[in-house]
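Each position in the sequence shown, counted from 1, maps to that position plus 55 in this note's numbering.
Where a beta carbon is used, it is the ideal one built from N, C-alpha and C, also for glycine.
Only a predicted model underlies this, so the values are computations on that prediction, with no experimental measurement involved.
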Amino acid sequence: MLKCRAVWRKLAPLARSASTQCRHNVKTALNNGRRQAFVPATHMSTGPAGGGGSENTLYVVLVGAACLGGGAYAYMTVRGDSKRYEERISELASRSAKEAPESQPPVAPEPEEAAPTSEESAPVAELSGETESASAEEPVTEVPAEPAAPVVEEELPAPSELEATHSEPPPAPLESAEEPVTETPPEAAEQAAPVLAEAEPVAEVPPEAVEEAPPVVEEAPPEPQAEVLEALPAVVESAAEEPVTEAPPAAEPETVQEAPTEPAVTSLPESAPAPEPVSAPLTLPSHAPYLLIGGGTASFAAARSIRARDPGAKVLIVTDEPNLPYMRPPLSKELWFSDDPSVTETLRFKQWNGKERSIYFQPSSFYVKPEELTSAENGGVAVLTGKKVIQMDVRGNKVKLDDDTEISYDKCLIGTGGVPRNLQVIEKAGDEVMNRTTLFRKIEDFKSLDNVSRNVKSITIIGGGFLGSELACALGRRSSETGLEVIQMFPEKGNMGKVLPEYLSNWTTEKVKKEGVRIVPEALVKSVAFKEDKLEILLKDGRQVKTDHIVAAVGLEPNVDLAKSAGLEVDSDFGGYRVNAELQARSNIWVAGDAACFYDIRLGRRRVEHHDHAVVSGRLAGENMTGANKPYWHQSMFWSDLGPDVGYEAIGIVDSSLPTVGVFAKATSKDTPKAATEQSGTGIRSESETEATAVTPVASSTPAPVMEHKDEYGKGVIFYLRDKVVVGIILWNVFNRMPIARKIIKDGEEHADLNEVAKLFNIHED
Numbered sequence: 056m057l058k059c060r061a062v063w064r065k066l067a068p069l070a071r072s073a074s075t076q077c078r079h080n081v082k083t084a085l086n087n088g089r090r091q092a093f094v095p096a097t098h099m100s101t102g103p104a105g106g107g108g109s110e111n112t113l114y115v116v117l118v119g120a121a122c123l124g125g126g127a128y129a130y131m132t133v134r135g136d137s138k139r140y141e142e143r144i145s146e147l148a149s150r151s152a153k154e155a156p157e158s159q160p161p162v163a164p165e166p167e168e169a170a171p172t173s174e175e176s177a178p179v180a181e182l183s184g185e186t187e188s189a190s191a192e193e194p195v196t197e198v199p200a201e202p203a204a205p206v207v208e209e210e211l212p213a214p215s216e217l218e219a220t221h222s223e224p225p226p227a228p229l230e231s232a233e234e235p236v237t238e239t240p241p242e243a244a245e246q247a248a249p250v251l252a253e254a255e256p257v258a259e260v261p262p263e264a265v266e267e268a269p270p271v272v273e274e275a276p277p278e279p280q281a282e283v284l285e286a287l288p289a290v291v292e293s294a295a296e297e298p299v300t301e302a303p304p305a306a307e308p309e310t311v312q313e314a315p316t317e318p319a320v321t322s323l324p325e326s327a328p329a330p331e332p333v334s335a336p337l338t339l340p341s342h343a344p345y346l347l348i349g350g351g352t353a354s355f356a357a358a359r360s361i362r363a364r365d366p367g368a369k370v371l372i373v374t375d376e377p378n379l380p381y382m383r384p385p386l387s388k389e390l391w392f393s394d395d396p397s398v399t400e401t402l403r404f405k406q407w408n409g410k411e412r413s414i415y416f417q418p419s420s421f422y423v424k425p426e427e428l429t430s431a432e433n434g435g436v437a438v439l440t441g442k443k444v445i446q447m448d449v450r451g452n453k454v455k456l457d458d459d460t461e462i463s464y465d466k467c468l469i470g471t472g473g474v475p476r477n478l479q480v481i482e483k484a485g486d487e488v489m490n491r492t493t494l495f496r497k498i499e500d501f502k503s504l505d506n507v508s509r510n511v512k513s514i515t516i517i518g519g520g521f522l523g524s525e526l527a528c529a530l531g532r533r534s535s536e537t538g539l540e541v542i543q544m545f546p547e548k549g550n551m552g553k554v555l556p557e558y559l560s561n562w563t564t565e566k567v568k569k570e571g572v573r574i575v576p577e578a579l580v581k582s583v584a585f586k587e588d589k590l591e592i593l594l595k596d597g598r599q600v601k602t603d604h605i606v607a608a609v610g611l612e613p614n615v616d617l618a619k620s621a622g623l624e625v626d627s628d629f630g631g632y633r634v635n636a637e638l639q640a641r642s643n644i645w646v647a648g649d650a651a652c653f654y655d656i657r658l659g660r661r662r663v664e665h666h667d668h669a670v671v672s673g674r675l676a677g678e679n680m681t682g683a684n685k686p687y688w689h690q691s692m693f694w695s696d697l698g699p700d701v702g703y704e705a706i707g708i709v710d711s712s713l714p715t716v717g718v719f720a721k722a723t724s725k726d727t728p729k730a731a732t733e734q735s736g737t738g739i740r741s742e743s744e745t746e747a748t749a750v751t752p753v754a755s756s757t758p759a760p761v762m763e764h765k766d767e768y769g770k771g772v773i774f775y776l777r778d779k780v781v782v783g784i785i786l787w788n789v790f791n792r793m794p795i796a797r798k799i800i801k802d803g804e805e806h807a808d809l810n811e812v813a814k815l816f817n818i819h820e821d
């Protein structure tokens, strides 16, 4: 700033002397009648000088050099001072914002009090006056060699600029809220640095002009100075038009407009306090090469399969649950038998083999944060929780979330699973009944039912399938400790009546009763009402059951909400999205898990709602998403435990309406779920966990007597037949033999004597 002021002091006398001499020569020429000879002489480039002589030529050169030098200086000064003005205002504004009270509006001081007397007034006068030269010429015309206070007063039209010149803090914040200047991005500051550097070369004025200037300084009267300098604003305006127009003259420099974080602060009212910096919102990826809808077992299995075949793959899982992917079977099994009082928080449980395990497939450190997925160098799996996909655009390859966020994809998997069914009589009963009803499916349902079971006297479970029977046994054991009454009602004659043969269903029913459960068979619910702080369940045969809470375990409805927007076909018989043998619904859309109605190349079209199917179908879908093109030939299995002493595993079509043949033997201490898990070292008895494959089975030489309709069913094998071909098998208290059962179904052969087939499972060995 001092260097620029020194240059100006040198050029100002030069401009005044040149202008004075020029005007003097012009007047002399007019008086002597030599105007006609003088004009052509100034335009000649060669030949002898005419008319004006060498003295006039020298004056013209001096005037031209002075004009060029003054114009160049003005251009460079305006351009540099504009940037310096912005930086100065930013510095003073940030200082005043910290020191001044925010509630008091800015007040412009009187002109007599505003005149700065310190050395600081000179650079401020240059910044404010020359930056506004395009619209206010008066401040420029009266700049003397030594700056005076009255000149500064006229060059500060805005109160905010006037406050910025004080060495003491102003009484109030700036009118236009200059606080955002402190947030100016670094690139804006870097752009200002070269401008300051460019102002220094102005000192290199043509040597001849500087050398000729001193002799004329004393002869320069003040009157002609104004006429020459009046032309400078026009030169500055035309030569420096772009830099001036980009920087608003008042208190909104260009750097403020470019600040990305708080662009709207400049429009706040005078009394509004400066807002605190707000952290940047979560930036979700706008594109995912592999998009998996649903955060259940199928999606996790698919993600693991994709990463196995494509180690650098970037996978995004979107789930409406607040939790990371987890396994559901322990929610109705092992978690209820835990001795840990904080099990609802830790979600860790002991398996039948005594080993502890978490319900989550992987800890949070396994996953990549969603906002970091795009930039992840080695790819990864990210889980976007608490977000629901509400619409699919299969032509545009993108989905829309419930917060209107859109995410595009290359390949997509639908693993939305299902939602628990409810009875219509409960839905129509009103809020009092609904608030006392649990639809068991998620972690939150487990936590809620665990809390309810500790605070009520009676719980009624409606449903006699896998889930209902497991919860009945789990809560029945708690009844012996707390006095809780547990009731299970179902429309069948016995427990698991739709799956097990009648004789085995009756045996299972007695087993559940021994666990402390009151059984109400052949129960069809007619109505439910809330009376006198109790739920009254009225059955169609007139029986009535009073309870405090209801658990509806009446099946699962596949979640096909996206079928309409995506244009996907829903199977009318089995429900779920119809897919081919490769689990493909469209060219780049796959479906796995409970929501998939797939074509089984051995058993026809099916839909399965079990953990193992979710694992295997998800894994196959992931492989096919990476180009494997494998058909779904795997026969998934499922299992259920009625406590630690009775359990079974099943595969294929297990429907009690089919003809069945059961082969049983006496059970030993080894034939329990607890012993099986201790032997295998796994808690989840599933083909997907052990990855075992069946070899050619070797039959046992021990005779295999058929024991049908007996009172004792320690262990055995139940075959389900269709046209004399085995289509389903249940292994009752027989474990780690599922690969053999799978091979039998895969072969699809007729068997004349199933006793011989039962030998393959070695059920008669001790």
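Simplified DSSP state of valine 572, which is helix, strand or coil: Within the sequence shown, residue 572 is the residue found at index 517, counting from 1. In this structure, valine 572 counts as strand in the three-state DSSP scheme.
Which same chain residues end up closer than 6 Å to arginine 362 when comparing Cβ atoms and leaving out the 5 residues on each side of it in sequence? Your numbering for residue 362 matches position 307 in the sequence shown. If we look at arginine 362 and ignore the five residues flanking it on each side, its Cβ neighbours are Ala368.
Do you know offhand how far serine 508's Cα is from leucine 530's? Counting from 1 along the sequence shown, the entry for residue 508 is found at position 453. Counting from 1 along the sequence shown, the entry for residue 530 is found at position 475. Roughly 8 Å between the two C-alpha positions.
Consult DSSP for valine 474 and reduce its assignment to one of helix, strand or coil. One-based indexing of the sequence shown puts residue 474 at position 419. Here valine 474 carries a strand assignment [DSSP, helix/strand/coil].
For aspartate 778 and alanine 807, the rounded distance between their alpha carbons: In the sequence shown, residue 807 corresponds to position 752, counting from 1. In the sequence shown, residue 778 corresponds to position 723, counting from 1. Put simply, the backbone Cα of alanine 807 is about 12 Å away from that of aspartate 778.
Taking the straight line between their C-alpha atoms, what separation do you get for serine 535 and asparagine 510? Position 480 of the sequence shown, counting from 1, holds the residue named residue 535. Position 455 of the sequence shown, counting from 1, holds the residue named residue 510. If you take the alpha carbons of serine 535 and asparagine 510, they lie about 15 Å apart.
Closest by CA to glutamate 828, which one among Ser430, Arg641, Val609, Ala636? Because the chain here runs from 56 to 821, residue 828 falls outside it and cannot be looked at.
Return the bridge partner residues of methionine 692 from the DSSP annotation. As a position in the sequence shown, residue 692 is number 637, starting the count at 1. Ile706, per the DSSP bridge assignment.
Around the Cβ of isoleucine 656, are there at least 16 other Cβ atoms within 10 angstroms (buried) or fewer (exposed)? In the sequence shown, counting from the first residue as 1, residue 656 sits at position 601. Counting other Cβ atoms within 10 Å of its Cβ, isoleucine 656 stays below 16 and is therefore classed as exposed.
Smallest Cα separation from leucine 776: which of Val554, Ile708, Pro794? For the purposes of this step, residue 776 is taken as residue 721 along the sequence shown, with counting starting at 1. If we check each option's Cα against that of leucine 776, Ile708 comes out closest.
Rounded to the nearest angstrom, what separates glutamate 547 and lysine 569 at their Cα positions? Along the sequence shown, one-based indexing puts residue 547 at 492. Along the sequence shown, one-based indexing puts residue 569 at 514. When rounded, the distance between both Cα atoms is 19 Å.
Sheet register partners of arginine 777 (DSSP bridge): Position 722 of the sequence shown, counting from 1, holds the residue named residue 777. The bridge partners DSSP lists for arginine 777 are Val780.
Check glycine 631 in the structure and name its three-state DSSP category. Here residue 631 refers to the residue found at position 576 when the sequence shown is read from its first residue. In this structure, glycine 631 counts as coil in the three-state DSSP scheme.
Any idea which residues DSSP pairs lysine 770 with across the strands? Residue numbering aside, residue 770 sits at position 715 when the sequence shown is read from its first letter. Partner residues in the beta bridge of lysine 770, as assigned by DSSP, are Ala720.
Within 8 Å, strictly: CB atoms of tyrosine 703 and asparagine 788: Numbered from 1 along the sequence shown, position 648 holds the residue referred to as residue 703. Numbered from 1 along the sequence shown, position 733 holds the residue referred to as residue 788. Asparagine 788 is positioned such that its CB atom lies closer than 8 Å to that of tyrosine 703.
Beta-carbon proximity list for glutamate 461, same chain, < 8 Å, skipping 5 on both sides: Position 406 of the sequence shown, counted from the first residue, corresponds to residue 461. The answer, listed in chain order, is Ser341, Lys453, Val454, Lys455.
Could you tell me the distance, in whole angstroms, from the CA atom of alanine 636 to the CA atom of valine 541? For the purposes of this step, residue 636 is taken as the residue at position 581 of the sequence shown. For the purposes of this step, residue 541 is taken as the residue at position 486 of the sequence shown. The straight-line gap separating the alpha-carbon atoms of alanine 636 and valine 541 is approximately 43 Å.
Compute the distance between the beta-carbons of isoleucine 516 and leucine 526, then report whether it is under 8 Å. Against the sequence shown, residue 516 aligns to sequence position 461. Against the sequence shown, residue 526 aligns to sequence position 471. With respect to the 8 Å criterion, isoleucine 516 and leucine 526 are classified as neighbours on the basis of their beta carbons.
Quick one: grab the DSSP three-state call for glutamate 426. Here residue 426 is taken as the residue at index 371 of the sequence shown, counted from 1. Note: glutamate 426 maps to helix in three-state DSSP.
According to the Cβ coordinates, are glutamate 376 and glycine 473 closer than 8 Å? As a first step, residue 376 is located in the sequence shown; it is residue number 321 there, counting from the start. As a first step, residue 473 is located in the sequence shown; it is residue number 418 there, counting from the start. No, the pair does not count as a contact, with Cβ atoms beyond the cut-off.
From tyrosine 381 to arginine 139, what does the alpha carbon distance come to, in whole angstroms? What you label residue 381 is simply residue 326 of the sequence shown in a count that begins at 1. What you label residue 139 is simply residue 84 of the sequence shown in a count that begins at 1. Answer to the nearest angstrom: the Cα atoms are 60 Å apart.
Using 8 Å as the threshold, is the segment 709-724 in touch with the segment 672-682, meaning 3 or more CB pairs across them? Because the criterion of three Cβ pairs below 8 Å is not met, the segment 709-724 and the segment 672-682 do not touch.
Would DSSP call glutamate 242 helix, strand or coil? On the sequence shown, residue 242 is found 187 positions in, with the first residue counted as 1. Model confidence at glutamate 242 stands at a pLDDT of 45, short of 50, so the residue's coordinates are unreliable; what they give is reported in the following sentence. Glutamate 242 sits in a helix when the DSSP states are folded into three classes.
Could you pull the start and end residues of the beta strand (DSSP E) that lysine 497 belongs to? For the purposes of this step, residue 497 is taken as residue 442 along the sequence shown, with counting starting at 1. Here lysine 497 belongs to no beta strand (DSSP E), and DSSP marks it neither H nor E.
Spatial distance of isoleucine 445 from tyrosine 464 (CA atoms): Residue numbering aside, residue 445 sits at position 390 when the sequence shown is read from its first letter. Residue numbering aside, residue 464 sits at position 409 when the sequence shown is read from its first letter. Roughly 15 Å separates the two Cα atoms.
Closer than 7 Å by C-beta to serine 620: which residues in its own chain qualify, once you throw out the five before and the five after it? Chain order, please. Position 565 of the sequence shown holds residue 620. In chain order, Gln446, Met447 place their CB closer than 7 Å to the CB of serine 620, counting only its own chain and leaving out the 5 sequence neighbours on each side.
Taking the continuous alpha helix (DSSP H) assigned at threonine 602, which residues delimit it? Position 547 of the sequence shown, counted from the first residue, corresponds to residue 602. Taken as a continuous stretch (DSSP letters only), threonine 602 belongs to no alpha helix (DSSP H), being part of the beta strand (DSSP E) at 599-602.
Please work out which residues of its chain come closer than 6 Å, Cβ to Cβ, to proline 298, disregarding the five sequence neighbours upstream and downstream, and give them in chain order. Within the sequence shown, the letter at position 243 stands for residue 298. In this predicted model, proline 298 has a pLDDT of only 39, less than 50, meaning its place in the structure is not dependable; the value taken from the coordinates is given anyway. Non-local beta-carbon contacts of proline 298 in its own chain, meaning distances under 6 Å to residues more than five positions away in sequence, involve Arg134, Ser137 in chain order.
Buried versus exposed call for alanine 683 [16 or more other C-beta atoms within 10 Å across all chains shown]: Start at 1 with the first residue of the sequence shown, and residue 683 comes out as number 628. By the neighbour-count rule (16 or more Cβ atoms within 10 Å), alanine 683 is not buried but exposed.
Taking 8 Å as the cut-off, decide whether the C-beta atoms of valine 718 and glycine 771 are in contact. Residue numbering aside, residue 718 sits at position 663 when the sequence shown is read from its first letter. Residue numbering aside, residue 771 sits at position 716 when the sequence shown is read from its first letter. Less than 8 Å separates the beta-carbon of valine 718 from that of glycine 771.
From valine 449 to glycine 622, what distance separates their C-alpha atoms? Counting from 1 along the sequence shown, the entry for residue 449 is found at position 394. Counting from 1 along the sequence shown, the entry for residue 622 is found at position 567. Distance between the alpha carbons of valine 449 and glycine 622 is about 8 Å.
Rounded C-alpha distance that separates valine 606 from asparagine 433: Here residue 606 refers to the residue found at position 551 of the sequence shown. Here residue 433 refers to the residue found at position 378 of the sequence shown. Between valine 606 and asparagine 433, the C-alpha separation is close to 45 Å.
Integer-rounded CB distance, given that alanine 720 should sit under 8 Å from glycine 769: As a first step, residue 769 must be located in the sequence shown, where it is residue number 714. As a first step, residue 720 must be located in the sequence shown, where it is residue number 665. Between the beta-carbon of glycine 769 and that of alanine 720 there is about 7 Å, and that keeps the pair under the 8 Å contact cut.
Bridge partners of aspartate 413, per DSSP? As a position in the sequence shown, residue 413 is number 358, starting the count at 1. Note on residue identity: the sequence assigns serine, not aspartate, to residue 413. BP columns for serine 413 point to Arg403.
Given a cut-off of 8 Å, decide if glycine 519 and methionine 551 are closer than it, judged by their beta-carbon atoms. Locating residue 551 in the sequence shown gives position 496, counting from the first residue. Locating residue 519 in the sequence shown gives position 464, counting from the first residue. Yes.
Output the distance between the C-alpha atoms of histidine 665 and methionine 692, rounded to the nearest integer angstrom. Position 610 of the sequence shown, counted from the first residue, corresponds to residue 665. Position 637 of the sequence shown, counted from the first residue, corresponds to residue 692. Cα to Cα, histidine 665 sits roughly 8 Å from methionine 692.
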